[in-house]
Structures are given as C-alpha cells and as structure tokens.
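Comments concern the structure below.
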Amino acid sequence: MQFRLSHLLAVVAWVAVVLALYRFHTAIALLACPVTFGPLVGYVGKPTLEGAIVGFISAVFWCVLCGFVGVVLLYAILVVSGAHGAPPDALPLWAFLTCFVYFAASSMLGGYIGGRIAKS
C-alpha cells in the first residue's frame, strides 16, 4: 500500500476519535477495534463487500474469544500495579493502551482470517 497523506490524516483522526471515546467511557473505545480494524483488514484480504463483512464477523468473534484471556491479563496487571480497587471508569491510561493494543491485534488477526476465508 502506497503512503499517502490522506492515510496519515485518517489514522490521526481515528486515534483522536478513540481517545475522545476513552474520555467518554473506556468500553466504548475498546469497541472501536473490531468495528473498524476487522472490516479494513478483511477488505485488504478480498477487496469486496463480502471480504469486509466476513472480516467484521471474524474480528468480533476473535475479540470475544480473546476477551476472556484479556480480562485475566488486565486484572493481573492491575493487581500488580495496585490499581485493582479503582472503578472501571478510572482505568489508568497505560492500562487502557495495553488493552487497546491487545484488542487491536486480535481484531486485526480476526479480520485477516475473515479476509482469507472470503477469498477462498
């Protein structure tokens, strides 16, 4: 994929929206991963509407599946850091970024698998 300034601006705008959603509520920002990354990566696998839809469905499946492991890992990280008594809305930014990278990677994996399924 060729670098374009429009791609950079789209990524910066997407990051700004995710950080704004984080200020609103943490869970809503984490939902942005499978909704955006899954169809994009699925569309790269097979550039049709079918690739985007199958990528979205696969990304949601993999995010739910990886969510069980992610909750255990996040709780372990919060216990070690001493922030496990805080309410979910007061999640530290570094813990949110750790969760966000984890869910972004799992939704990209799911979107890629969905794109490959749509291609076959």
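First residue of the sequence shown: 410, per the numbering used here; consecutive thereafter.
From the three backbone atoms N, C-alpha and C, an ideal C-beta is built for every residue, glycine too.
Between the stretch 457 to 475 and the stretch 505 to 524, the count of C-beta pairs closer than 8 angstroms reaches three or more; the two stretches touch.
Ranked by how close their Cα comes to the Cα of L483, the residues P456, Y511, T457 and V450 have Y511 in first place.
Of all C-beta pairs linking the stretch 452 to 462 to the stretch 501 to 508, fewer than three are shorter than 8 angstroms, placing the two stretches out of contact. In this structure, G523 lies near G451, with their beta-carbon atoms less than 8 angstroms apart.
In summary, S529 is exposed, with fewer than 16 beta-carbon neighbours lying within 10 Å of its beta-carbon over all protein chains present. Counted as a single uninterrupted DSSP element, the alpha helix (DSSP H) harbouring K528 occupies residues L502 to K528.
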